Structure formats: C-alpha cells, structure tokens
Amino acid sequence: MAPGNARAERGADGELIERVRNGETRLFAELVHRHQDAVYGMALRFVGSRTEAEDVAQEAFLRAYRGIPGFKGDAKFSTWLYRITFNLCADWLRRNRRPDRAAASIDKADMPADERADLEKGLVVSEERERVRRALDGLEEIYRGVILLLYYQDMSYDQIAEVLGVPLKTVETRLYRARKMLRVALEEPRHGGGQA
Amino acid sequence: MRCMRVEPLIERYVDGALEEPLSREVEKHVGSCARCAARVSAARQLLSAFAADPTVRAPRGFADRVMDAVYREALIPRPAESGSRDAGREVGRTRLLPTIARMYRRLGLSFMLAAAVLAASLFIPRVAYPALFSQNGADAGFDTGRGGIAVVRNALDGADNAVRELLGEPQNGGSHR
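Protein sequence lines correspond, in order, to chains B and Y. With the first sequence counted from 1, adding 1160 to any position gets you this note's numbering. With the second sequence counted from 1, adding 17 to any position gets you this note's numbering.
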C-alpha cells in the first residue's frame, strides 16, 4: 500500500474511532465492514475452519471495540486489529492444534459460495497453488505466520513486525528461512495429492 | 553491485520492500546477471503461487453479528469493564437499562422468596402436625383437650362447618372432643 493511501486510511479510521469513542457505537459497524474480510481471512487461514474463524474474528472485533477507549493511534487501526486477531489465532492454535488439521488450507467447504463457484469454473484452481499450500502447512508456526501475513494479508515487512511484536530484522530472518523451507518442500517430487 | 550483495536482497526486491536506491541497483544487476535473474524469477513464481489463492471474504451477515455482540456488550458491560473507561460514553448513557434489569431480577427473587415462605407455611404444619389436619385427630393421638392447638382445631372446625352449612351438608358435631 502506498504511504499516501496508508495515511488516508489511517485518517478515515481515526475519525471513525474518535466518534465511536465519543459514544457513536453504531459507527463501529463501518470499521467492521472495512476490515471484516482481512480479519476473517486471517482467522480462516490460521485456524482452518469457517465456524472457528468466525468466532475468532468476532472476538477480535469485540476486543477491538473494548479497547477503543485506550487505543492511542500510535499504530494504524488495521495493524492493531490484525495484532489482536493474530494473538487470538495463536491462542486458538495453542489450544486446538491438531496434527491432522491443515490450518492454512482453505477447503472448498470453508469458502463463501461465490468463491466455490469461481473454483468450480476453474478460474483460480491450480495444482501449483495446492502444492504451495501443502508446503506451507508443513512449516512451523512462526514461519507460516510471516508467510501468511505477507502473501495473504498483503502486509508490509514493517506491518508484520508490528503485528507480531518483533523487530523488523526478525521478520526478515523468518521470511528468509520460511521461503527457503518452502522451496525445499516445493522441490520435493510431486505426489498424487495424498500428502497433507 | 555483485551477486553476493544482491542475493540477500532479492526477496525484498520482489516483495517491493526494498528502498529505492537499493531497488534500482538490484534491478540493474538482475538485468545483466542470468543467475540473479533466475533467482528473481523463482521468487516471483512463489509470489504468484500465493497470489493465485482466492481472496477470502467474511460470511454474509458477519458484521451484523459482530454489531449484535457489540450492542449486547454496550448494554450490559462486562463486570471488569463496568467501572473503567473501556465502558465508554455510550455505555454510560445506557447504564440505566442494566440497573432496571437488576431491579427486575431482585423483584423476581423477592417474589420467589415470598412464594417459598407461603408454600412452607402451608405444608410444614401438615407434615409436622398431621393430626391437626386429620378428621380423627384423637385417634391419631393428638391431644385435643389442651393447649393452643385445640383452639386452632376448633377454629378450623368452625370454618369447616360454616362451609358445610352453606353447601347444605351435615355439620361435624365436634366428634373429636
């Protein structure tokens, strides 16, 4: 995102936050509408189930609402919100991680109907993408996290560092290692799709 | 710029995270180095593999459900937050509603308590003093000749007889005496 756009987004969110803080609770709906896809998308990529993702995303917005009086605006609202979401996802994974669950995979059943239709039309399906997903599922949590935030959430390195609460250098190191592991996984001979 | 220096910058270059002077230098090097160009190509391939993934959208009605939860939260603040700034002015404005809800709850509890006392007052004497409520108290060993219980029994008989008289039925003639 261009710096100008980021500033504009921050300004727009900032005004809404100020009004919500001053008692116009209904305006929080506008913030939800703006960020719901990103928050829900992040939750879905991490927890892997539509129902659980909705619960996590809803809790993230509720926590954001509760935290608005204390939100100083040092970070962008979106970054702060993603941080809340990421922490909830990490908690959820700590509690519910099952080895047989591919957390980053989005099953057809987990997609909205229109996306399923797109898939069926063959607009977005690719074998390569499925291989990448499987490789991603094989990564450790800290490496998968940075990849998900970079590629799926379209975050900058700085934003990822803010969301994860780690230095920028750590993000770069994790990304470097994650990509290396992904490449190794992707270079492995192709299987018939039986490996999850 | 040499390959050794360019290699660690390639990922950031492809991600668009490299600052401008460096980015231009990498671009220049990649234009003239087949090996680094192949690395850039591999990085872009990985990026495009992710980019091909469908965008996830929140389910229909999600925002409404969130707002329902938010309004519930605003009306009935969580105990930990009710006294804090987190509750917000909106919460302050609607603080009357939980107060009313609490009053109703207390009123309900009072009614329940009153009903319990009434039930106890009706049933406990029947259990504790069954003879008082039986037709042949004397047979049951109930001492009808002494004390306040006999007075109560007589009063009950009187009421009973009054009802029987109204209904035209034969009266109890105080046979228990």
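Think of the CB as a built atom: it goes at the ideal place given N, C-alpha and C, for glycine as much as any other residue. Source: prediction; values computed, not measured.
Among the candidates the options, whose CA atom is the shortest distance from the CA of residue i?
{"i": "R1243(B)", "options": "V1326(B), R1339(B), T1333(B) and E1348(B)", "result": "V1326(B)"}
{"i": "Y1311(B)", "options": "R122(Y), S65(Y) and K45(Y)", "result": "S65(Y)"}
{"i": "Q1196(B)", "options": "E1301(B), V1216(B) and V1207(B)", "result": "V1216(B)"}
{"i": "A54(Y)", "options": "R74(Y), F79(Y), V180(Y) and E28(Y)", "result": "E28(Y)"}
{"i": "C50(Y)", "options": "A145(Y), N171(Y) and M21(Y)", "result": "M21(Y)"}
{"i": "A86(Y)", "options": "I1302(B), M1202(B) and R1186(B)", "result": "R1186(B)"}
{"i": "V47(Y)", "options": "S138(Y), P38(Y), E24(Y) and G33(Y)", "result": "E24(Y)"}
{"i": "P76(Y)", "options": "K1232(B), G1201(B), K1340(B) and N1247(B)", "result": "G1201(B)"}
{"i": "E1359(B)", "options": "E1301(B), G1174(B) and G1208(B)", "result": "Here chain B has residues from 1161 to 1356 only, and residue 1359(B) is not among them."}
{"i": "R19(Y)", "options": "K45(Y), E37(Y) and P38(Y)", "result": "K45(Y)"}
{"i": "A1208(B)", "options": "L184(Y), V73(Y), P38(Y) and M120(Y)", "result": "One point to set straight first is that residue 1208(B) is Gly, not Ala, in the sequence displayed. When only C-alpha atoms are compared, the closest one is V73(Y)."}
{"i": "N1247(B)", "options": "P1229(B), G1230(B) and E1301(B)", "result": "E1301(B)"}
{"i": "Y146(Y)", "options": "L124(Y), L130(Y) and V169(Y)", "result": "V169(Y)"}
{"i": "A91(Y)", "options": "D1234(B), R1194(B) and G1227(B)", "result": "G1227(B)"}
{"i": "F1231(B)", "options": "V1199(B), N1182(B) and Y1336(B)", "result": "N1182(B)"}
{"i": "V57(Y)", "options": "A132(Y), G33(Y) and S127(Y)", "result": "G33(Y)"}
Once you ignore the five residues that flank residue i on each side, which residues in its own chain have a CB closer than 7 Å to its CB?
{"i": "A1224(B)", "result": "L1241 and I1244"}
{"i": "Y1317(B)", "result": "L1328, V1331 and E1332"}
{"i": "V40(Y)", "result": "For clarity, residue 40(Y) is Ser in the given sequence; the question names Val instead. If we look at S40(Y) and ignore the five residues flanking it on each side, its Cβ neighbours are Y30."}
{"i": "L16(Y)", "result": "Look at the range of chain Y in this structure, 18 to 194, and you will see that residue 16(Y) is not part of it."}
{"i": "E1184(B)", "result": "none"}
{"i": "M1341(B)", "result": "L1299 and Y1303"}
{"i": "T1239(B)", "result": "Q1319, E1322 and V1323"}
{"i": "R1334(B)", "result": "I1302, Y1303 and V1306"}
{"i": "E186(Y)", "result": "none"}
My assumption, with CB atoms under 8 Å, is that residue i sits in contact with residue j. Please give the rounded CB distance.
{"i": "F1221(B)", "j": "V1192(B)", "result": "6 Å"}
{"i": "R1293(B)", "j": "L1346(B)", "result": "In fact, because the Cβ distance is near 11 Å, the residues do not count as touching under 8 Å."}
{"i": "V31(Y)", "j": "R61(Y)", "result": "6 Å"}
{"i": "Q1218(B)", "j": "R82(Y)", "result": "6 Å"}
{"i": "F1206(B)", "j": "C1249(B)", "result": "4 Å"}
{"i": "F140(Y)", "j": "E1214(B)", "result": "In fact, because the Cβ distance is near 51 Å, the residues do not count as touching under 8 Å."}
{"i": "L1309(B)", "j": "V1323(B)", "result": "6 Å"}
{"i": "F1237(B)", "j": "I1320(B)", "result": "Not a contact, Cβ separation roughly 17 Å."}
Grab the span of the alpha helix (DSSP H) containing residue i for me, first residue to last.
{"i": "P1327(B)", "result": "Per DSSP, P1327(B) belongs to no alpha helix (DSSP H) and is neither H nor E."}
{"i": "L92(Y)", "result": "F79 to L92"}
{"i": "I1244(B)", "result": "F1237 to N1256"}
{"i": "V1192(B)", "result": "F1188 to V1207"}
{"i": "M18(Y)", "result": "Where M18(Y) is concerned, there is no enclosing alpha helix (DSSP H), given that its DSSP letter is neither H nor E."}
{"i": "S40(Y)", "result": "E37 to S49"}
{"i": "L26(Y)", "result": "No alpha helix (DSSP H) holds L26(Y); DSSP gives it neither H nor E."}
{"i": "V73(Y)", "result": "From DSSP, V73(Y) is part of no alpha helix (DSSP H); its letter is neither H nor E."}
{"i": "G1227(B)", "result": "R1210 to G1227"}
{"i": "E186(Y)", "result": "Element bounds for E186(Y): n/a, residue is neither H nor E."}
{"i": "Y1303(B)", "result": "E1301 to I1307"}
Excluding the 5 residues flanking residue i on each side, which residues of the same chain have their C-beta closer than 6 Å to its C-beta?
{"i": "R1343(B)", "result": "none"}
{"i": "V1199(B)", "result": "A1217, A1220 and T1245"}
{"i": "M1315(B)", "result": "L1309"}
Among the residues of its own chain, which have a CB less than 8 Å from the CB of residue i, if the five just before and after it don't count?
{"i": "E1212(B)", "result": "A1203, W1252 and N1256"}
{"i": "R89(Y)", "result": "none"}
- Residues of the segment 1189-1217 of chain B whose Cβ lies closer than 8 Å to any Cβ of chain Y, in chain order: Within the segment 1189-1217 of chain B, the residues whose Cβ lies closer than 8 Å to some Cβ of chain Y are A1189, V1192, H1193, Q1196, D1197, V1199, Y1200, G1201, L1204, R1205, R1210, E1214 and A1217, listed in chain order.
- Message: Give me the subset of the segment 20-43 of chain Y whose CB atoms are less than 8 Å from a CB atom of chain B, sorted by chain position.
- Response: Residues are counted here when their Cβ sits less than 8 Å from a Cβ of chain B; for the segment 20-43 of chain Y these are P25, E28, R29, D32 and A34, given in chain order.
- Task: Identify each residue in the segment 1332-1348 of chain B for which the Cβ-Cβ distance to at least one residue of chain Y is less than 7 Å, and report them in chain order.
- Result: Residues L1335, Y1336, R1339 and L1342.
- Task: Check each residue of the segment 1170-1189 of chain B: if its Cβ is closer than 7 Å to any Cβ of chain Y, include it; give the result in chain order.
- Result: Legend: CB atoms of the segment 1170-1189 of chain B lying less than 7 Å from CB atoms of chain Y belong to residues R1181, N1182, G1183, T1185, F1188 and A1189.
- Note down, in chain order, all residues in the segment 46-68 of chain Y with a beta-carbon under 9 Å from any beta-carbon belonging to chain B. Flagged, chain order: A59, A60, Q62, L63, L64, S65, A66, F67 and A68.
- Task: Report the residues of the segment 1236-1253 of chain B with a CB closer than 7 Å to any CB of chain Y, ordered along the chain.
- Result: Per Cβ criterion, the list is empty.
- Using a Cβ cut-off of 9 Å, which residues of the segment 77-89 of chain Y contact any Cβ in chain B, in chain order? Answer set for the segment 77-89 of chain Y: R77, F79, A80, D81, R82, V83, M84, A86, V87 and Y88.
- Query: Listed from N- to C-terminal order along the chain, which residues in the segment 1290-1307 of chain B have their beta-carbon within a distance smaller than 9 Å of any beta-carbon of chain Y?
  - Reply: Flagged, chain order: R1291, V1292, R1293, L1296 and I1307.
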